[in-house]
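Residue numbers (my numbering): 921 to 1050.
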């Protein structure tokens, strides 16, 4: 019984990420932020680095949509560091691409190019065709 409840508890951050994503798509930014914060708090308490990085990416995406590129960049960079630590190459590729877009918007074209090139390489490693 204890194992089952722990397993269910580990699913909650994933569900919260889905809810946050949904709320973003329907324009309920405040609700999305609440779900993201709850998910991040729970993911960190469970020491689930993968979902933590996913939630940080979602929060960064939200900041991009709000035009807060500095906060978006910090969130992408934090998610990228976690992703590299846990060896999630597919997610690393996505984060590098997103980070490249932020660099591009900020006029940091060399950083953007490197980020895009690194993303392409990561996609090749995992077999994604881009």
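Note that the Cβ used here is the ideal one computed from N, Cα and C, for glycine as well.
Keep in mind the model is a prediction, meaning the values are calculated, not measured.
- Residue environment: residue 1041 is assigned as exposed (fewer than 16 neighbouring CB atoms within 10 Å of its CB, all protein chains considered).
- Taking the Cα of residue 992 as reference, the smallest distance to any Cα among 951, 1018, 948 is reached at 1018.
- In this structure the region 945 to 960 does not touch the region 987 to 1004; the number of beta carbon pairs closer than 8 angstroms is below three.
- Here residue 973 is actually not in contact with residue 927; their C-beta atoms are around 21 angstroms apart, not less than 8 angstroms.
- Between the alpha carbons of residue 986 and residue 938 lies a distance of about 19 angstroms.
- Out of 930, 945, 1033, 942, the CA that lies nearest to the CA of residue 963 is found in 930.
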